[in-house]
Every structure is written in structure tokens, then in C-alpha cells.
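K.L.:
Have a look at this one.
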Amino acid sequence: MSTLETHHTLDALWRIESPKLIAGLSRMVRDVGLAEELAQDAFVSALVQWPESGIPRNPGAWLMAVAKRRAIDRFRREGVLGLKHQEIAREMLLHDDGEPAVDALVDDIGDDLLRLIFIACHPVLSTEARVALTLRLLGGLSTIEIARAFLVSESVVAQRIVRAKRTLAEARVPFEVPNASERAARLSSVLGVLYLIFNEGYAATAGDDVLRPALCEDALRLGRVLAQLVPNDSEVHALVALMEIQASRSMARVGPSGEPILLLEQDRGKWDQLLIRRGLIALERAELLGGALGPYALQAAIAACHARAHTAGQTDWTRIAALYDALAQVLPSPVVQLNRAVAVGMAYGAAAGLELVDALTSEPSLKGYHLLPSVRGDLLEKLSRFNEAGAEFERAAALAQNVRDRTLMRERAARCTRR
Amino acid sequence: MRFVSIYKLSPDRFAAPASEAEMTAMGRLIGEMQAAGVLIDTGGTAPTDVSLRVRRAGSQTTVTDGPFTESKEVIGGYAVLDVQSKDEAILWTRRFLDCAGDGVVELMEVTSGP
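Protein chains in written order, with our numbering: chain D, 1 to 419; chain C, 420 to 533.
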């Protein structure tokens, strides 16, 4: 095997194995930063040895064994192999003699991964730090990949990660799954981070790409992992359902020259039925767990209404409007209210929708939000009030941060003025 | 990126029942791949004689009933993988073949998914 081949293999292997490795090592050395370093060292060893020896039959176990040995060497060298570290060393060596122990460790690995997820999304960290750390430690992304995805410089991401690790160390955040009293809040932080990553990929807030699919894939994959780790939490399945169903439309929501295509105008033949099916199953699981009224479950249920409709005309808008009513109760936000207005407009006529939108025009948090004038313009257009509609689309174009959205809004404005 | 993986093996191996150890190992791998969010669909060929070939040539469609005893390889099953790279698909396929034994896996990237 050539060095180059080994390189490619190890890149891919890092994505698969590094989260488990870092998670397992974090439990032993009680330091996420050190655990990551040890994991990296193990990969460097592989890069040196595998071109000669070939890929071992169980690469994950090989890497873990090397990393553990490194940890012990390091403690010895630094003379810190005190009582506590001797314990750790004993634990490390316990499973160090080959493959059979790996199977016995599978459950532990799940627990360790869960602990790592909770740590990466810990509330002592800023949201940006949580996102960066999650992608780095659990998604296996490099600093440069994270930087590209979020359109910031590599050094910004690197700093964020360094600072985040320091914050965790200084706050002495234990490597534990949170106890029952704080579990719900902590899990909600994890879900928030995953959904933020997904949305960053799904609807890029800046730049000229509407879709940065790799981030969607990462978030979806982490969501699926989390759903296996906490199988009894309805909102986890609900978030996965939401992401699967939204991702199912990714081929349909961008036109040939990269322009966004609105949901109702999409070619539904391009929707990914496999992801839809997975999404509907995950939603059903969330509902069976009694979580039908959770914020992610309601959003997933709305997405499911669209997914089930074979044509845009078959969409059950009455049900969607009702789901938005419920969502506005649990997630009272002006954006939800705006979406509710759209649904009401579809279910009960543009005038009814416009009434709800008009109530939102003075909402300060929607002041710079291009979808407010965009929705208002759409409803006005349906009511044949073309002059007002055109003005709203112009306003939306001025507020849009995405080049593609801006173009779309300008086109709609132009269409209204021609009427 | 998404890959479809088709596993082909000799008719003899296909006809021979898998041992309990093999089944366990395969079950564990499938569980691991699902838990990793990679395996999004999979299925094994049913051990029945129901197999068909539907061929189109010009305007003529012909349906031939199997089994196709002349085949050197039969399709044992398929999987749909969501992975981050071609190399990752290869790594999982290695693991699959560790469990499945001799045979060939054809990996094809398909345009779908997120």
C-alpha cells in the first residue's frame, strides 16, 4: 500500500474512528484536548507503519491500542503517573491485548460518545464554540473544513477550538452524561447545535451558494448517531425526522444555474424518497414516544405534510396551519408566526394570511428579515395588489443576504410592475 | 455522497447457509453502520427461485424467468451508504467483506441525498 493510499484511507478513517477514539480517550485522560492529541498521534503512527504493514484487520482497535500506549508513555515521561493515573493506566491496559475486548467495549463506546457530544455542546461554551467543537470532535472535520463551511478564516476557527478546550478544562466540566435534572436542557443544547449546523448547510446565510451540502450531511449523520445513543428521547427522533425530510428536497430546491426553487414549485420527482421514508419513520417514533407536540416534532410534522403530498395542490394546508398554531405555542417566535401566516393564507385565503402578516410588520426582530416583505409581497400579489406587491419584493431584495435570493426577489418585483 | 453497493458471490456460496457466527458478525456490523448514520438502506437477496430478467431491445420487451444457472456470480444483496468520501465507502466495504467472505462488491455513486 502506497503512502498516498494510506493517506486517503486514514483521512476517511479519521472521520469514522476519531470520534470514538477521542471519546474513549477522554474518559481515560479526563481532558478532551489531550485525548484529541493522542488520537492524532495514533494516526501519525499509522501513516508511518501502514504503508509497510498494510491496513490492520481492525483499524479502530489498532489505533486505540496505540493511543492508549502513548497516553501511558506520556504520563510516565511527565512523571505524573500518580495514584490516579495508575488507575487509568490499569484500565487502559485491561483491554489492550487485541480484538476480543473490543466487542465487549462497544456499549462503553456508545456511552463515551454520548458524553463527548454533551461536552462539545456544553452551555459554558458560546454557540460558535459548540458548533466548531462538535464538527471537529464528532464530525471529524479539520479546522480548515470548518472554516470553509462557515466562511471564516482558519485561524478564527482554530482559536475558537483552543479557547473552547481551555474553557472546558478551566470549568472542570466532568466527562459525564448530565444527571436527570439538567438532562433535558443539555440535550436541547445538543439538538440546537445539530440543527444550526444543518441549517448553515441548508440555507447558507451569506455568499452565493444556497446549499453547502456537506454540513447537512454532517448534521444528519450526527443526528442519526445521537438517535441510536438516546433511543427513548422523542425530540432527538423528531429532529432527525426534520433533517431527513428537509434533506430529501436538496436536489429539487436549486435550479440548474444555482437559483433557489421554492417548495411549491419544486419537481417532487426529485425528492429523495428514501430520506422521506426514513424521516416519516423517525417522526412516527417521536410521536409514539409521546412527543408529538415538541418543537422539532411539530416542525417535522409540517415537513411531513409536504413530503406526503404528491403534488403541491394536494398539500394539506389546513393541517399545516393547525400545526403552526401548535408550534407558535411551544416556540413563540415571529418567524414561526410568519410561517403560520403563510399556511393560513394557503388554507383560508390570501386575505386571512395578510391580516396575520400585517400584525407582524411592526415586529422589531423581523425588521431586517427579507422573508417578511417577501411573504407580504406574495400575498398582495395573490390579491392582485401588484403595485404594493412590487414594492414589497423590492424591499425583500434589498434585505436578502444571499445573491440568489436577491435575484429571485428582483425578478418577482419586475413581474409585478409589468402587470 | 451516496453509494449503492451490490454484493456478488458464487452460486455455491450463496446456496450455502451462513453460520451462526457469520450471522452474528454481520448483524453487529449492520448495527454499527446504522448507528454511525452511514447505512441508510440494505437488503439481502431472498433465497427463493424468483428472479427475472426484463430486457428491452428496440420496441421489444422480453421477460425471462430465472434461475439463471449459467451465472458465475449471483447478487447476494445491496446497501445504500451515505458517506463523506469514496475512501470511506471503501473502508466500510472492507469491513463488510470481512464478514461476508469471498465475493465482489460493486460500489456506484448515485446522485441523491443531501
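No residue lacks a Cβ here, since even glycine has one placed at the ideal position from N, Cα and C. Since we're looking at a predicted model, the values are computed, not measured.
Which of the three DSSP states, helix, strand or coil, is assigned to residue 368/D?
P.N.:
Of the three classes helix, strand and coil, the one that applies to residue 368/D here is coil, per DSSP.
K.L.:
I need the DSSP call for residue 525/C, collapsed to helix, strand or coil.
P.N.:
It is a strand residue.
K.L.:
Please identify the residue among 67/D, 10/D, 17/D, 27/D whose C-alpha is closest to the C-alpha of residue 37/D.
P.N.:
Nearest of 67/D, 10/D, 17/D, 27/D to residue 37/D, Cα basis: 67/D.
K.L.:
Out of curiosity, what's the CA-to-CA distance linking residue 19/D and residue 125/D?
P.N.:
Taking the straight line from one Cα to the other gives about 19 Å.
K.L.:
Taking its Cβ as the centre, do 16 or more other Cβ atoms sit within 10 Å of residue 442/C, making it buried, or is it exposed?
P.N.:
So residue 442/C ends up on the exposed side.
K.L.:
With 8 Å as the C-beta to C-beta threshold (strictly closer), list the residues of the segment 6 to 20 of chain D near chain C in chain order.
P.N.:
Residues passing the 8 Å Cβ filter: 8, 9, 11, 12, 13, 15, 16.
K.L.:
On the CB-based measure, 16 or more other CB atoms within 10 Å of its CB, does residue 393/D come out buried or exposed?
P.N.:
The residue in question, residue 393/D, is buried, as its Cβ has 16 or more Cβ neighbours within 10 Å.
K.L.:
Going by beta-carbon coordinates alone, are residue 218/D and residue 251/D separated by less than 8 Å?
P.N.:
No. Outside cutoff.
K.L.:
Quick check: the Cα distance between residue 105/D and residue 148/D, rounded to an integer number of angstroms?
P.N.:
Unreliable positioning characterises residue 105/D in this predicted model, as indicated by a pLDDT of 46, which lies under 50. A coordinate reading is not provided.
K.L.:
Is residue 465/C near the ligand ATP, judged by its Cβ being under 7 Å from some heavy atom?
P.N.:
Here there are no bound small molecules, and the ligand ATP is not part of this structure.
K.L.:
Could you pull out every residue in the same chain whose Cβ sits closer than 6 Å to the Cβ of residue 1/D, ignoring the five residues on either side in sequence?
P.N.:
Closer than 6 Å at Cβ, skipping near neighbours: 51, 54.
K.L.:
Write down the C-beta distance between residue 357/D and residue 336/D rounded to the nearest angstrom, noting that I regard them as a contact closer than 8 Å.
P.N.:
Not confirmed; about 13 Å, so no contact.
K.L.:
Counting Cβ pairs closer than 8 Å, one from the segment 495 to 503 of chain C and one from the segment 425 to 439 of chain C, do we hit at least three?
P.N.:
Verdict: yes, contact present.
K.L.:
For chain E, is any of its Cβ atoms less than 8 Å away from the one on residue 217/D?
P.N.:
Included in the structure are the protein chains D and C, with no chain E among them.
K.L.:
Which residue spans inside the segment 307 to 349 of chain D form an unbroken alpha helix (DSSP H) run of at least 4?
P.N.:
Listed in chain order, the complete alpha helix (DSSP H) runs (minimum 4 residues) inside the segment 307 to 349 of chain D are 317 to 330, 334 to 348.
K.L.:
If the criterion is Cβ atoms closer than 8 Å, does the pair residue 383/D and residue 413/D meet it?
P.N.:
Against a cut-off of 8 Å, the Cβ pair of residue 413/D and residue 383/D comes out as no contact.
K.L.:
Let me know if residue 401/D comes out buried or exposed under the rule of 16 or more other beta-carbons within 10 Å of its beta-carbon.
P.N.:
It counts as exposed.
K.L.:
Looking at the unbroken alpha helix (DSSP H) that takes in residue 479/C, where does it start and where does it end?
P.N.:
Premise fails: residue 479/C lies in the beta strand (DSSP E), 479 to 484, not in any alpha helix (DSSP H).
K.L.:
Of all Cβ atoms in chain C, is any one closer than 8 Å to the Cβ of residue 137/D?
P.N.:
Taking Cβ atoms only, chain C never reaches closer than 8 Å to residue 137/D, which makes this a no.
K.L.:
Quick one: Cα of residue 509/C to Cα of residue 526/C, how far?
P.N.:
If I take the Cα positions, the gap works out to 8 Å.
K.L.:
Counting pairs of Cβ atoms below 8 Å between the segment 475 to 491 of chain C and the segment 256 to 274 of chain D, do you hit three or more?
P.N.:
No contact exists between the segment 475 to 491 of chain C and the segment 256 to 274 of chain D.
K.L.:
Could you pull the start and end residues of the alpha helix (DSSP H) that residue 192/D belongs to?
P.N.:
Residue 192/D -> alpha helix (DSSP H) spans 180 to 202.
K.L.:
Is residue 424/C helix, strand or coil when you go by DSSP?
P.N.:
Residue state, collapsed to three classes: strand.
K.L.:
How about residue 368/D and residue 396/D: are their beta carbons less than 8 Å apart?
P.N.:
For residue 368/D and residue 396/D, no; Cβs fall outside 8 Å.
K.L.:
What separation, rounded to the nearest whole angstrom, lies between the Cα atoms of residue 23/D and residue 174/D?
P.N.:
Straight-line Cα distance between these residues: approximately 13 Å.
K.L.:
Taking CB distances under 8 Å as the criterion, tell me whether residue 417/D reaches chain C.
P.N.:
Taking Cβ atoms only, chain C never reaches closer than 8 Å to residue 417/D, which makes this a no.
K.L.:
Give the residues of chain C in contact with residue 225/D, contact being defined as C-beta atoms less than 9 Å apart.
P.N.:
Those within 9 Å of residue 225/D in chain C are 454, 455, 456.
K.L.:
For residue 261/D, report the span of its beta strand (DSSP E) as first-last.
P.N.:
No beta strand (DSSP E) contains residue 261/D, which DSSP labels as neither H nor E.
K.L.:
Quick one, are the C-beta atoms of residue 456/C and residue 221/D less than 8 Å apart?
P.N.:
Taking 8 Å as the Cβ cut-off, residue 456/C and residue 221/D qualify as a contacting pair.
K.L.:
Which residues in the same chain have their Cβ closer than 6 Å to the Cβ of residue 103/D, if we skip the five residues on either side of it in sequence?
P.N.:
With a pLDDT of 44 at residue 103/D, under the threshold of 50, the modelled position of that residue is not reliable, and the figure given next carries that caveat. Answer for residue 103/D: no residue qualifies.
K.L.:
May I have the straight-line CA-CA distance separating residue 239/D from residue 289/D, to the nearest angstrom?
P.N.:
So the alpha carbons of these two residues sit roughly 14 Å apart.
K.L.:
Tell me, please, whether the segment 229 to 248 of chain D touches the segment 156 to 176 of chain D by the rule of three or more beta-carbon pairs shorter than 8 Å.
P.N.:
No, because fewer than three Cβ pairs between the segment 229 to 248 of chain D and the segment 156 to 176 of chain D fall closer than 8 Å, the two stretches do not touch.
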